[in-house]
Every structure is written in C-alpha cells, then in structure tokens.
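Reviewing the structure listed below.
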Amino acid sequence: MAAIGLAAPAQARLVTKNLPVVMIDPGHGGMDPGTIAADGLFEKTITLATGHLLYRALSRTGRYRVEMTRSTDVYVTLEGRVAGATAAKADLFLSLHCDHLPEADLRGASIFTLSSTASDRLAAGVAADENSADRFAGPHFSGVSPQVAGILASLETRATRVGSATLAQDIQRSFTGVVPLLPDPHRSANFAVLRDPSTPSALMEMGCLSNPLDERLLRSPSHQQLVADRLTTSIDAYFANYSGGRGLRMAG
Ligand SMILES: [Zn+2]
4 MAAIGLAAPA QARLVTKNLP VVMIDPGHGG MDPGTIAADG LFEKTITLAT
54 GHLLYRALSR TGRYRVEMTR STDVYVTLEG RVAGATAAKA DLFLSLHCDH
104 LPEADLRGAS IFTLSSTASD RLAAGVAADE NSADRFAGPH FSGVSPQVAG
154 ILASLETRAT RVGSATLAQD IQRSFTGVVP LLPDPHRSAN FAVLRDPSTP
204 SALMEMGCLS NPLDERLLRS PSHQQLVADR LTTSIDAYFA NYSGGRGLRM
254 AG
C-alpha cells in the first residue's frame with residue numbers, strides 16, 4: 004500500500020473518526036506513466052497533481068476523512084488500490100484518469116461506473132486501457148488473490164451499484180457547463196479498480212490527452228483546481244442526498 008493521506012493531529016483524529024471516508028485514487032504512477040501527451044506529459048503526473056488538490060479541497064470542508072491510494076509517484080497495482088479502499092472502509096472511491104481516444108477531435112471528461120458488460124465500444128476500449136496497468140505488476144500477478152476472487156464473486160451489490168450511479172450523476176451535473184464533457188459522459192464498463200462490492204465507486208476521465216484543447220486544460224493548475232472544486236461539490240451533493248450503502252448505516 005502506498006502512503007495514505009496526511010497524518011492528522013491526535014485531537015483532529017478524535018473529531019473526524021466518524022466522518023465518511025473518501026478514497027482518492029490518482030491513476031497510474033511509478034513505472035506506469037498511463038497515457039502520454041504529444042509533448043511527453045504523463046497522465047500519472049496530472050492525476051497525482053489533481054488528486055492532491057482534491058485531497059485539500061475535501062479536507063478543507065471538514066466533512067470527510069480523506070485518503071489517497073498513492074500520494075507520491077509510486078506504482079500501486081489495481082488490486083492494491085481496491086484492497087486499500089476496503090481496508091480504509093471507504094464510503095466512496097474515486098479514481099482519477101485522463102483519456103486517450105483514437106479520434107483526436109473527441110474531447111471532454113467522462114465518468115465511468117462498473118458493469119460486467121460495457122455500455123458501448125468506447126467504454127470497452129477505455130476499460131481495456133486502464134485495466135492493462137496491471138501488466139506492469141509482472142507475471143506473478145497473472146491470477147487474482149482469494150480475497151479479490153471473493154470480491155469479484157460478490158461484486159455489483161445493489162446498494163453499491165445505485166451509489167456509484169448516483170455519484171456519477173452528481174459529477175455530471177456539477178461539471179455540465181463548466182468543464183467540457185464527452186457526449187453521453189456517463190458510461191459503464193468492467194474496470195478492475197472499481198470492483199470493490201462494498202464501496203460506491205466511479206472512475207473519472209478528466210479529459211482527453213489525445214485532444215490538443217483538452218491537453219492544454221489538463222496540464223493547467225487552474226483547471227486542475229476547477230476539476231477538484233467541482234468534484235468536491237459532487238461529493239457534497241452525494242453525501243447530502245444519497246442515503247444508500249454506508250451512508251444509510253451512518254445516518255441510522
Ligand atoms: Zn488512466
């Protein structure tokens with residue numbers, strides 16, 4: 004497991020221990036650069052920078068305990084990311100990525116939730132790209148551990164599925180008119196990193212590094228801050244309005 008979040012002072016920890024846990028997952032890292040822009044900028048660099056901004060924006064609200072699957076430029080397997088969210092008893096898991104589509108004129112952000120079958124060909128291709136991060140883990144990772152096999156067997160519980168869809172809708176709503184979106188921005192596919200059955204999860208493609216306009220936005224710290232702020236608004240809306248899964252147990 005990579006470093007998680009930042010250490011909180013003892014008093015703050017007492018106050019925050021019952022807060023919902025949000026796990027931010029900056030995609031790729033270390034030997035896995037993710038997709039690469041025309042000028043050599045790595046996806047892993049953008050996801051980590053935006054992840055830190057989101058960490059700060061969510062922490063500032065005082066409403067969440069925020070953790071990260073990685074807070075430095077290290078490689079974490081997809082299995083390790085899922086296991087980290089499970090161990091932290093995360094109430095929400097949000098994976099951050101940048102897309103690379105075959106058509107350079109396509110641009111905009113999109114939000115993916117888990118489904119055993121892809122919603123369309125584009126979604127299937129994106130899932131195949133993101134799942135392939137585990138090729139970096141080497142041959143010892145060709146199978147899955149019994150723990151992950153158990154997770155796969157029981158995935159897509161109803162509460163998790165509804166929670167994930169709700170989060171995706173909240174993100175789409177808060178991005179509309181502010182951050183460019185792909186047509187039909189909420190898609191579903193079989194993403195390895197979204198397979199924790201107990202945690203509502205979404206994977207955010209923040210834009211397309213294959214599109215020059217998106218690339219310019221994605222590398223800009225002010226746009227990264229805008230994305231972090233809109234995601235914070237989405238997560239606020241999710242916890243304010245949605246009472247499924249762990250949110251219901253906490254409220255009840
Ligand atoms: Zn990615």
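Just so we're aligned: the sequence shown equals residues 4 to 255 in the working numbering. All residues carry an ideal CB built from backbone N, CA and C; glycine is no exception.
{"Query": "Residue nearest to Ala168 in terms of C-alpha spacing, selected from Val182, Asp123, Leu184 and Arg190", "Result": "Arg190"}
{"Query": "Distance cut-off 7 Å: Gly37 Cβ against heavy atoms of ligand 1", "Result": "yes"}
{"Query": "Of the listed residues Ser113, Tyr78, Arg73 and His100, nearest to Ala88 (C-alpha basis)", "Result": "Arg73"}
{"Query": "Any non-hydrogen atom of ligand 1 closer than 7 Å to Gly30 Cβ", "Result": "yes"}
{"Query": "Any non-hydrogen atom of ligand 1 closer than 7 Å to Glu218 Cβ", "Result": "no"}
{"Query": "Tyr70 - DSSP class collapsed to helix/strand/coil", "Result": "According to the sequence displayed, residue 70 carries Glu and not Tyr. Note: Glu70 maps to strand in three-state DSSP."}
{"Query": "Cβ distance (whole Å) where Tyr78 is taken to contact Asp35 below 8 Å", "Result": "6 Å"}
{"Query": "Proximal residues to Ala40 (C-beta, below 6 Å), its chain only, five neighbours per side dropped", "Result": "Leu212 and Glu218"}
{"Query": "8 Å Cβ cutoff met for Ala86 and Val25", "Result": "no"}
{"Query": "Residue-chain proximity (Ser204, chain C), Cβ-Cβ < 8 Å", "Result": "In the structure shown, chain C cannot be found, because there is only a single protein chain."}
{"Query": "Limits of the beta strand (DSSP E) - the one that Glu82 falls within", "Result": "Glu82 -> not in any beta strand (DSSP E); alpha helix (DSSP H) instead, spanning Leu81 to Ala90."}
{"Query": "Closest by C-alpha distance to Pro29, when choosing among Thr48, Asn21, Asp132 and Ser62", "Result": "Thr48"}
{"Query": "Alpha carbon of Glu70 to alpha carbon of Tyr58, nearest angstrom", "Result": "7 Å"}
{"Query": "Spatial neighbours of Ala121 in its chain, beta-carbon cut-off 8 Å, leaving aside the 5 residues before and after", "Result": "Ala127, Ala130, Arg190, Ser191, Ala192 and Asn193"}
{"Query": "His55: CB within 7 Å of a non-hydrogen atom of ligand 1", "Result": "no"}
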